[in-house]
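Number 620 in full-length UniProt numbering belongs to position 620 of the sequence shown; there are no gaps in the numbering.
The beta carbon of each residue, even a glycine, is placed where N, CA and C say it ideally should be.
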Amino acid sequence: QTFEKLLIANRGEIACRVIKTCKKMGIKTVAIHSDVDANAVHVKMADEAVCVGPAPTSKSYLNMDAIMEVIRKTRAQAVSLNVSICCSFLSSLSLQASEGVTFIGPDTHAIQAMGDKIESKLLAKNAKVNTIPGFDGVVKDADEAVRIAREIGYPVMIKASAGGGGKGMRIAWDDEETREGFRFSSQEAASSFGDDRLLIEKFIDNPRHIEIQVLADKHGNALWLNERECSIQRRNQKVVEEAPSTFLDPETRRAMGEQAVALAKAVKYSSAGTVEFLVDSSKNFYFLEMNTRLQVEHPVTECITGLDLVQEMIRVAKGYPLRHKQADIPINGWAVECRVYAEDPYKSFGLPSIGKLSQYQEPLHVPSVRVDSGIQQGSDISIYYDPMISKLITYGSNRAEALKRMEEALDNYVIRGVAHNISLLREVIVHPRFVQGDISTKFLPEVYPDGFKGHQLTDLERRQLLATAASLYVAEQLRSQRFLGTPRIPIAKSKRSSWELSVQLGDGIYPVAVSKHGSSFSVEVDGMKLNVTSEWNLASPLLSVTIDGTQRTIQRISRNASGETSIQFLGTVYKLQILTKVAAELSKYMPEKAAEDTSSILRSPMPGTVVAVSVKPGDMVSEGQEICVIEAMKMQNSMIAAKTGKV
Numbered sequence: 001q002t003f004e005k006l007l008i009a010n011r012g013e014i015a016c017r018v019i020k021t022c023k024k025m026g027i028k029t030v031a032i033h034s035d036v037d038a039n040a041v042h043v044k045m046a047d048e049a050v051c052v053g054p055a056p057t058s059k060s061y062l063n064m065d066a067i068m069e070v071i072r073k074t075r076a077q078a079v080s081l082n083v084s085i086c087c088s089f090l091s092s093l094s095l096q097a098s099e100g101v102t103f104i105g106p107d108t109h110a111i112q113a114m115g116d117k118i119e120s121k122l123l124a125k126n127a128k129v130n131t132i133p134g135f136d137g138v139v140k141d142a143d144e145a146v147r148i149a150r151e152i153g154y155p156v157m158i159k160a161s162a163g164g165g166g167k168g169m170r171i172a173w174d175d176e177e178t179r180e181g182f183r184f185s186s187q188e189a190a191s192s193f194g195d196d197r198l199l200i201e202k203f204i205d206n207p208r209h210i211e212i213q214v215l216a217d218k219h220g221n222a223l224w225l226n227e228r229e230c231s232i233q234r235r236n237q238k239v240v241e242e243a244p245s246t247f248l249d250p251e252t253r254r255a256m257g258e259q260a261v262a263l264a265k266a267v268k269y270s271s272a273g274t275v276e277f278l279v280d281s282s283k284n285f286y287f288l289e290m291n292t293r294l295q296v297e298h299p300v301t302e303c304i305t306g307l308d309l310v311q312e313m314i315r316v317a318k319g320y321p322l323r324h325k326q327a328d329i330p331i332n333g334w335a336v337e338c339r340v341y342a343e344d345p346y347k348s349f350g351l352p353s354i355g356k357l358s359q360y361q362e363p364l365h366v367p368s369v370r371v372d373s374g375i376q377q378g379s380d381i382s383i384y385y386d387p388m389i390s391k392l393i394t395y396g397s398n399r400a401e402a403l404k405r406m407e408e409a410l411d412n413y414v415i416r417g418v419a420h421n422i423s424l425l426r427e428v429i430v431h432p433r434f435v436q437g438d439i440s441t442k443f444l445p446e447v448y449p450d451g452f453k454g455h456q457l458t459d460l461e462r463r464q465l466l467a468t469a470a471s472l473y474v475a476e477q478l479r480s481q482r483f484l485g486t487p488r489i490p491i492a493k494s495k496r497s498s499w500e501l502s503v504q505l506g507d508g509i510y511p512v513a514v515s516k517h518g519s520s521f522s523v524e525v526d527g528m529k530l531n532v533t534s535e536w537n538l539a540s541p542l543l544s545v546t547i548d549g550t551q552r553t554i555q556r557i558s559r560n561a562s563g564e565t566s567i568q569f570l571g572t573v574y575k576l577q578i579l580t581k582v583a584a585e586l587s588k589y590m591p592e593k594a595a596e597d598t599s600s601i602l603r604s605p606m607p608g609t610v611v612a613v614s615v616k617p618g619d620m621v622s623e624g625q626e627i628c629v630i631e632a633m634k635m636q637n638s639m640i641a642a643k644t645g646k647v
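Okay, here's the thing in structure tokens:
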């Protein structure tokens, strides 16, 4: 016996994930949506859908009155939430409970206790859970923040009491950064969670971020479902996750699991939840926070344990006891998850990008691949919501196999119309440090101290790319001579079998000679011959090319009449210009377009909302001075002057 109808108060990939399990369990679903999400995938998947307001989350997905009205109107028996839940909503839910509506998740007390970082830290201490040294009260103002930070000792972490997901968090290394961090964190916390209270604790330098998945019922039973390694982060937000962790030994895993279960029992927790820890190089671990919801990275746990966590949450909410004992929970194989975002990874490891997905193809033909997404071809990525495109998960009998499959899946993922972070994800999973498991939350800034620049080609890879691009160009030329499978002018058959080209890649210009032998090309680059074979299906977004026996999956992103083409090779998009030898010699007479002088303009690197302007016309500003603050996808970014001048 289960619920007949469940309302999902969420959007995107997590709403779609809940609907899939509900369909499997025979439960009807109701989706809510904002006006801009009217054609979203979760709306199409659900049995019923109701609009709850305009685009901003505060007026739609967090509009408690509208959601309560939908619950009454659709007669939903249960509600599934996975958003930052306001206390007002929880009190509304407890009112609804008397009308027979069940919340899929823990009870109000547990959510309030664990949702408040100050209270949760005190509860963790009482439950004998290791905690980070810091100030356990609410910080009143910037001056008090500086005083507390000095007492704890720099560096410190300033974070929103009601926060999560990297929002409202700042690291401060001195008094000035503490003041600035207090201002931005409180503003972000207020806009994301409706609660601007902050706390300050010691910042543990160079830790790992490892979390324990817990599952508890209403009968006092609680389990820990192993750990997830979530150390690859940018701006305190996770990018790559895996289960299990390469770092934990069975003793540390058990100790962390037992402390996580002790905390869950201390707050009478009943549902799936996650207890997050920071782990230092000596395997000392400290409680960070507890997330009272289904985490974005839950699929890796499902892969290695074989459990459907959404189904378990629904069973617990209906009052059933857990079906498993701690000894039943296995670690079968290895799973890796990459968060695919509509972001430009070349700007601060990922600044949001918006646009329409003009072409979209998930790599589901690759074995042992799972994609959790809430979008499809034609979907819009807007400024109002998180820029996540999907969660790409691969599974293998061991870590090496899971990573190899991830590499293949990323190469076979087609995303056009928005910038995306596949180049960064692919570089991370093949990096020697990551492959060895030598990671921490500082991995990205340590490996890329000057920012991410894409894949750096070796000489062999450069020759492979040049040979592939030249072969693609010739295949295109040959196709354009044919019309419906026959030569256009049969009397003037082209006997041509060799081409002399000039290919520009970056600052280098390379002479390339191509000759055709059946369906393969022999290409000479840098005095070396390479053999390039493929089916040359130029209409396909994916091209499987074999270069001297090495198979590569490439994507041609764009091309134009002047020989310019963009090719995605080893995850990174490279811009090339391919010309015939004659055209290359003549091109030096073409005038060059002068680059725009942008030094006296402040241009936002991403679309967003201007939430504060710090100057006015006529003001003199110096280089590095704040001009305004832009909020995009719930994160605040300070825009600074690039030079000294007058506004």
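Nearest neighbour of Ile389, chosen from Gly396, Gly378, Val621, Arg399 [CA to CA]: Position 389 of the sequence shown, counted from the start, is the residue given in the question as residue 389. Looking at the Cα atoms, Gly378 is the closest of the given residues.
Between which two residues does the beta strand (DSSP E) carrying Gly257 extend? Along the sequence shown, read from residue 1 onward, the residue named residue 257 stands at position 257. Element bounds for Gly257: not the beta strand (DSSP E) but the alpha helix (DSSP H), 250–266.
Quick check for students: name the residue ranges of the beta strand (DSSP E) that lie wholly in the region 143–181, counting only runs of 3 or more. 156–160, 169–172
Neighbourhood of Gln568 by C-beta, 7 Å cutoff - its chain only, sequence neighbours within 5 removed: For this step, residue 568 is matched to residue 568 along the sequence shown. Take Gln568, set aside five residues on each side of it, and the residues of its chain with a beta-carbon closer than 7 Å to its own are Ile554, Gln555, Ile557, in chain order.
Is DSSP giving Ala362 helix, strand or coil here? Against the sequence shown, residue 362 aligns to sequence position 362. What sits at residue 362 in the sequence shown is Glu, not Ala. Reduced to three states, the DSSP call for Glu362 is coil.
Distance CB(Val267)-CB(Ala113) smaller than 9 Å: As a working note, residue 267 is residue 267 in the sequence shown. As a working note, residue 113 is residue 113 in the sequence shown. Yes.
Taking the beta strand (DSSP E) that Tyr341 belongs to, which residues open and close that run? As a working note, residue 341 is residue 341 in the sequence shown. Tyr341 -> beta strand (DSSP E) spans 334–341.
Span of the alpha helix (DSSP H) around Met606: For the purposes of this step, residue 606 is identified with residue 606 of the sequence shown, where counting begins at 1. No alpha helix (DSSP H) holds Met606; DSSP gives it neither H nor E.
When you compare the CB positions of Arg479 and Leu538, do they come within less than 9 Å of one another, or not? For this step, residue 479 is matched to residue 479 along the sequence shown. For this step, residue 538 is matched to residue 538 along the sequence shown. A contact, by the Cβ cut-off of 9 Å.
Let me know the secondary structure DSSP gives Pro432 once reduced to three states. As a position in the sequence shown, residue 432 is number 432, starting the count at 1. Here Pro432 sits in helix by DSSP.
Mapping the DSSP letters down to three states, classify Phe349 as helix, strand or coil. Here residue 349 refers to the residue found at position 349 of the sequence shown. Residue state, collapsed to three classes: coil.
Report all residues from its chain with a CB closer than 6 Å to the CB of Pro106; omit the five preceding and five following residues, and keep chain order. Taking the sequence shown and counting its residues from 1, one reaches residue 106 at position 106. For Pro106, where only same-chain residues beyond five positions count, the Cβ hits under 6 Å are Tyr269, Ser270, Ser271, Thr292.
Where Ser84 sits in the DSSP three-state scheme: Taking the first residue of the sequence shown as position 1, residue 84 is located at position 84. Since pLDDT at Ser84 reaches only 47, below the 50 mark, its modelled position is unreliable, and the value read off the structure follows with that caveat. Residue state, collapsed to three classes: coil.
Quick one: Cα of Lys23 to Cα of Ala49, how far? As a working note, residue 23 is residue 23 in the sequence shown. As a working note, residue 49 is residue 49 in the sequence shown. The straight-line gap from Cα to Cα measures roughly 15 Å.
Would you tell me roughly how many angstroms separate the C-alpha atoms of Tyr385 and Ala40, rounded to the nearest one? Stepping through the sequence shown from its first residue, residue 385 is reached at position 385. Stepping through the sequence shown from its first residue, residue 40 is reached at position 40. Cα-Cα distance, rounded: 13 Å.
Just grab the DSSP bridge partners of Val573 for me. Your numbering for residue 573 matches position 573 in the sequence shown. According to DSSP, which records beta bridges pairwise, Val573 is partnered with Gln568.
Distance between Glu211 and Phe277 (C-alpha atoms, nearest Å): For the purposes of this step, residue 277 is taken as the residue at position 277 of the sequence shown. For the purposes of this step, residue 211 is taken as the residue at position 211 of the sequence shown. Answer to the nearest angstrom: the Cα atoms are 6 Å apart.
Can you pull the DSSP bridge partners for Cys628? On the sequence shown, residue 628 is found 628 positions in, with the first residue counted as 1. Val613, Met639, per the DSSP bridge assignment.
Given a cut-off of 9 Å, decide if Asp141 and Ile118 are closer than it, judged by their beta-carbon atoms. Within the sequence shown, numbered from 1, the residue matching residue 118 stands at position 118. Within the sequence shown, numbered from 1, the residue matching residue 141 stands at position 141. The answer is no: Cβ separation not under 9 Å.
Kindly give me the distance between the Cβ atoms of Val366 and Glu401, rounded to whole angstroms, as I take these residues to be in contact under 8 Å. Counting from 1 along the sequence shown, the entry for residue 366 is found at position 366. Counting from 1 along the sequence shown, the entry for residue 401 is found at position 401. Val366 to Glu401, Cβ: 12 Å. No contact.
With the cut-off set at 9 Å, would you say Ile640 and Ser604 are in Cβ contact? By 1-based counting over the sequence shown, the position of residue 640 is 640. By 1-based counting over the sequence shown, the position of residue 604 is 604. The criterion of a C-beta distance shorter than 9 Å is not satisfied by Ile640 and Ser604.
CA-CA distance, His420 and Tyr341? Counted from its first residue, the sequence shown places residue 420 at position 420. Counted from its first residue, the sequence shown places residue 341 at position 341. In this structure, the straight-line span from the alpha carbon of His420 to that of Tyr341 is close to 6 Å.
Let me check understanding here. Comparing Cα to Cα, which of Thr546, Phe184, Ile200 lies closest to Val139? The residue you call residue 139 lines up with position 139 of the sequence shown. Ranking the options by Cα distance to Val139, first place goes to Ile200.
Between which residues of its own chain and Asp280 is the CB-CB distance below 7 Å, once the five residues before and five after are set aside? Taking the sequence shown and counting its residues from 1, one reaches residue 280 at position 280. Listed in chain order, the non-local C-beta contacts of Asp280 below 7 Å within the same chain comprise Ile204, Pro207, local neighbours out to five positions each way being set aside.
Is it right to say Leu460 is buried, meaning 16 or more other beta carbons lie within 10 angstroms of its own, or is it exposed? Your numbering for residue 460 matches position 460 in the sequence shown. Flag for Leu460 reads exposed.
Between which two residues does the alpha helix (DSSP H) containing Ser599 stretch? Counted from its first residue, the sequence shown places residue 599 at position 599. Premise fails: Ser599 is in no alpha helix (DSSP H) and is neither H nor E.
Just to confirm, does Thr252 get its C-beta within under 8 Å of one of the non-hydrogen atoms of the ligand MN? With respect to the ligand MN, the structure shown offers nothing to examine, as it has no ligands at all.
With DSSP as the reference, label Gln112 as helix, strand or coil. In the sequence shown, counting from the first residue as 1, residue 112 sits at position 112. Of the three classes helix, strand and coil, the one that applies to Gln112 here is helix, per DSSP.
Three-way DSSP call (helix, strand, coil) for Gln187 in this model: Position 187 of the sequence shown, counted from the start, is the residue given in the question as residue 187. Reduced to three states, the DSSP call for Gln187 is helix.
Closest to Leu351 by C-alpha separation, out of Lys5, Lys634, Tyr413, would be which residue? Taking the sequence shown and counting its residues from 1, one reaches residue 351 at position 351. If we check each option's Cα against that of Leu351, Lys634 comes out closest.
Taking 7 Å as the limit between beta carbons, can you name the residues of its chain near Ala149, skipping five residues before and five after? Residue 149 sits at position 149 when you count from the first residue of the sequence shown. Closer than 7 Å at Cβ, skipping near neighbours: Val156, Ala172, Thr178, Ile200.
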